[in-house]
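Asks: So that we are looking at the same thing, I have put the structure below in C-alpha cells.
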Amino acid sequence: MNRKEKSFLNKDLWLSEILEKPCFNLICEKRSNLNNILKTIPKNNYFVSSKVNSDDLENLIKLQKKGFKIVDFSYSLKKNYCFEKFSKHDTIDIQEATPDDKEEVAEIAFKAFKYSRFHKDPLISKKKAAIIKREWAKNYFSGKRGDLMLVASMKNNLVTKKKHSRIKGFLLLKKTTYLNKEQAISIDLIAIDPEFSGLGIGNELIKNMITKFKEEYIFLVGTQSTNISALSLYSKYQFKLENSFFNLHLHD
Numbered sequence: 002m003n004r005k006e007k008s009f010l011n012k013d014l015w016l017s018e019i020l021e022k023p024c025f026n027l028i029c030e031k032r033s034n035l036n037n038i039l040k041t042i043p044k045n046n047y048f049v050s051s052k053v054n055s056d057d058l059e060n061l062i063k064l065q066k067k068g069f070k071i072v073d074f075s076y077s078l079k080k081n082y083c084f085e086k087f088s089k090h091d092t093i094d095i096q097e098a099t100p101d102d103k104e105e106v107a108e109i110a111f112k113a114f115k116y117s118r119f120h121k122d123p124l125i126s127k128k129k130a131a132i133i134k135r136e137w138a139k140n141y142f143s144g145k146r147g148d149l150m151l152v153a154s155m156k157n158n159l160v161t162k163k164k165h166s167r168i169k170g171f172l173l174l175k176k177t178t179y180l181n182k183e184q185a186i187s188i189d190l191i192a193i194d195p196e197f198s199g200l201g202i203g204n205e206l207i208k209n210m211i212t213k214f215k216e217e218y219i220f221l222v223g224t225q226s227t228n229i230s231a232l233s234l235y236s237k238y239q240f241k242l243e244n245s246f247f248n249l250h251l252h253d
C-alpha cells in the first residue's frame, strides 16, 4: 500500500504561520485504520483539519470521538471535455494575471469569501479567515500555488464605483489529473468583488477557462453545500456532482 492509499498526518507550515500555532492536515482515506495516526496528534496548542468522505461513517465517528467538529459539508464537481463555443461579454474583459495585479487580487480575496470552512469555524475569527484567503491568493504570485490566474476587469470604465481598482474578480487554476489518468484543470479559488457581484463576472471567468482548455482537459471544483450561488454557477456550465465530504476541525 502506498502513501496515497492510506491515512497520514501532514504538517501545514504555511497555515501554521498564519494561525500562529502548529497546524496539520489529516488525510483520511476509507478503510484505513486511524487509531495509530490519532495517537500522533500533539498534546496541546495545535490545529488539525480533515476531510472525510460522506459515506465513511466509521472514520467520521472516530474523529468526532477524538474531538473533531464538523464545520462544513462540501461537494466535488466535474465537467467533462467541452466543445461548446461562448460569446464574449461586451463590458467584461478577462486576461491572465500579471505581477502588477497582486495587491488588487489580495484585496478581493480578503473580503469576498464567507462560506469557506475557515469562515464557518467559530474558533477562527472572520479577520483571520480573511487573511488565510488573502495569503492563499497571493501565493500564486510567488509561484507557490496554482498554474494560471485569470482576472476580470470592466471595459471602458463603465462601472466607476471603485475608480482605483481595476480588478473585479479572479479565478485561480491548477493542473492535475483525475483518477491518475485524465488531464484536469482544478478551480482552486474564484472570487468576485462583492460590490460587483451579479454583473456576470463569474460567468465570464468560467467561460474563459473552458475556452482555454476545452477538448484537452476535464474540469474539477469543490464548493460548500451552503454556497448556493457557486453551485448555481457550476450547474449552468454542466458541472456534475462527483462526491461529497464532511470537513472537520480540531482545536487545542
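End of the sequence shown sits at 253 in the working numbering; the numbers just go up one at a time, nothing left out. Glycine included, each C-beta is placed from N, C-alpha and C at the ideal position. Given the structure is predicted, the values throughout are model-derived calculations rather than measurements.
1. Excluding five sequence neighbours on each side, which residues of the same chain lie with their C-beta closer than 7 Å to the C-beta of T212?
2. For V53, collect the residues of the same chain with a Cβ closer than 7 Å to its Cβ; drop the 5 residues on either side in sequence, then sort them by chain order.
3. Measuring alpha carbon to alpha carbon, tell me which residue in E183, D94, L190 is nearest D148.
4. Please determine, among Y218, F48, I207, the residue with the shortest C-alpha to C-alpha distance to D94.
5. Return the bridge partner residues of V53 from the DSSP annotation.
6. How would you write the range of the alpha helix (DSSP H) that N209 sits in, first residue to last?
7. Going by the CB atoms, is the gap between D253 and N45 shorter than 7 Å?
8. Is the region 216-228 close to the region 192-203, with three or more CB pairs under 8 Å?
9. In three-state terms, what does DSSP make of E97?
10. For D91, does the three-state DSSP call read helix, strand or coil?
11. Around the C-beta of E105, are 16 or more other C-beta atoms found within 10 angstroms, so that it is buried, or is it exposed?
12. Quick one: what's got a C-beta closer than 8 Å to I19's C-beta in the same chain, skipping five residues either side?
13. Considering only DSSP beta bridges, list what V106 is partnered with.
14. Go ahead and pull the three-state DSSP assignment for S8.
Replies: This is what the structure gives:
1. Position 211 of the sequence shown, counted from the start, is the residue given in the question as residue 212. The beta carbon of T212 lies closer than 7 Å to those of F87 in the same chain, with the five residues before and after it left out.
2. The count along the sequence shown starts at 1 and reaches residue 53 at position 52. A distance below 7 Å between beta-carbons, with the five flanking residues on each side excluded, links V53 to the following residues of its chain, in chain order: C29, N60, L61, L64, F246, F247, L249.
3. The residue you call residue 148 lines up with position 147 of the sequence shown. Comparing Cα positions, the closest option is L190.
4. Position 93 of the sequence shown holds residue 94. Closest option to D94, Cα to Cα, is I207.
5. What you label residue 53 is simply residue 52 of the sequence shown in a count that begins at 1. The partner list for V53 (beta bridge, DSSP) reads F247.
6. As a first step, residue 209 must be located in the sequence shown, where it is residue number 208. Where N209 is concerned, the enclosing alpha helix (DSSP H) stretches over 202-214.
7. Here residue 45 corresponds to residue number 44 of the sequence shown, with the count starting at 1. Here residue 253 corresponds to residue number 252 of the sequence shown, with the count starting at 1. Yes, these two residues count as a Cβ contact at 7 Å.
8. No: fewer than three Cβ pairs fall under 8 Å.
9. Locating residue 97 in the sequence shown gives position 96, counting from the first residue. If DSSP states are grouped into helix, strand and coil, E97 belongs with the strands.
10. Numbered from 1 along the sequence shown, position 90 holds the residue referred to as residue 91. Three-state result, D91: coil.
11. Locating residue 105 in the sequence shown gives position 104, counting from the first residue. A buried status is given to E105, since no fewer than 16 other beta-carbon atoms sit within 10 Å of its beta-carbon.
12. Position 18 of the sequence shown holds residue 19. For I19, where only same-chain residues beyond five positions count, the Cβ hits under 8 Å are K129, I132, I133, E136.
13. What you label residue 106 is simply residue 105 of the sequence shown in a count that begins at 1. For V106, no pairing in a beta bridge is given by DSSP.
14. In the sequence shown, residue 8 corresponds to position 7, counting from 1. If DSSP states are grouped into helix, strand and coil, S8 belongs with coil.
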